[in-house]
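Protein chains in written order, with the numbering used here: chain P, 288 to 400; chain A, 13 to 121. Glycine included, C-beta positions come from ideal geometry on N, C-alpha and C. Structure record follows, encoded as structure tokens.
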């Protein structure tokens, strides 16, 4: 079946602009996660959704970052007033339940000039 | 100190070699442990879970030492296709995953 999809696959933006990244989880998966991976670094947890609510936002690096999930499905991660240090691959993962294996999407490569 | 630490490598080995990666974690309350594989410019994919009794999947063997807070992955008879970054992953009591920085493996002909 279809896996996790993310769009766009690549995004180049100018410093100070806002960007929106989209994640379509595997159908029926209740849990959705956002991670960030900077060049040569491990994955950094950003935020997790159970259904439409986000019980854990502890990983969001600043108030410029926000995320929402609607209908228990699609999620968008918004970065306002992007900075060069926001450049990274943003990965989304979903799992059937909170405790299950997470399946990752292909990521969105964000470059802030 | 990072919560999950790995030697970044790269480990350069010839085809057919046996190679082992180690990982240490700092949270003694960690519940579950995994190895993920990440190919260049691709997403991470689950390779195998790691159980206290140790587990084997074909050429791959994973072991856990809770007392030393240490996880290992052994790859026997390395193939060119094993070239990738191997991520050590720890799940805490809150079911959150923490990823190590990864160990890069390059298998040469």
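Got a sec: is the Cβ-Cβ distance from residue i to anything in chain P below 8 Å?
i	result
residue 22(A)	no
residue 45(A)	no
residue 76(A)	no
residue 39(A)	no
residue 58(A)	yes
residue 28(A)	no
residue 111(A)	yes
residue 55(A)	yes
residue 114(A)	yes
Can you look up residue i in the DSSP assignment and give me helix, strand or coil?
i	result
residue 360(P)	coil
residue 93(A)	helix
residue 27(A)	coil
residue 331(P)	strand
residue 373(P)	helix
residue 73(A)	strand
residue 41(A)	coil
Counting only Cβ pairs nearer than 8 Å, list the residues of chain A close to residue i.
i	result
residue 371(P)	What residue 371(P) touches in chain A: nothing, since even the nearest Cβ is about 20 Å away.
Does the CB of residue i have a neighbour CB from chain A at under 8 Å?
i	result
residue 393(P)	yes
residue 319(P)	no
residue 308(P)	no
residue 389(P)	yes
residue 378(P)	yes
Can you determine whether any heavy atom of the ligand COA sits closer than 7 Å to the C-beta of residue i, and answer yes or no?
i	result
residue 311(P)	The ligand COA is absent from the structure shown, which contains no ligand whatsoever.
Below 7 Å on C-beta distance, what does residue i contact in chain A?
i	result
residue 385(P)	107
Which chain P residues are close to residue i, counting only those with a beta carbon under 9 Å from its beta carbon?
i	result
residue 99(A)	329 and 330
If residue i sits next to residue j, beta carbons under 8 Å apart, how far is it from one beta carbon to the other, in whole angstroms?
i	j	result
residue 364(P)	residue 321(P)	5 Å
The region 93–100 of chain A touching the region 39–50 of chain A, judged by at least three CB pairs closer than 8 Å
Yes, they touch.
Counting pairs of beta carbons, one from the region 337–345 of chain P and one from the region 355–367 of chain P, are three or more of them closer than 8 Å?
With the cut-off at 8 Å, the region 337–345 of chain P and the region 355–367 of chain P touch.
For the 8 Å Cβ check, are there 3 or more pairs between the region 295–314 of chain P and the region 79–91 of chain A?
Using a C-beta cut-off of 8 Å, the region 295–314 of chain P makes no contact with the region 79–91 of chain A, since fewer than three inter-stretch Cβ pairs fall below that distance.
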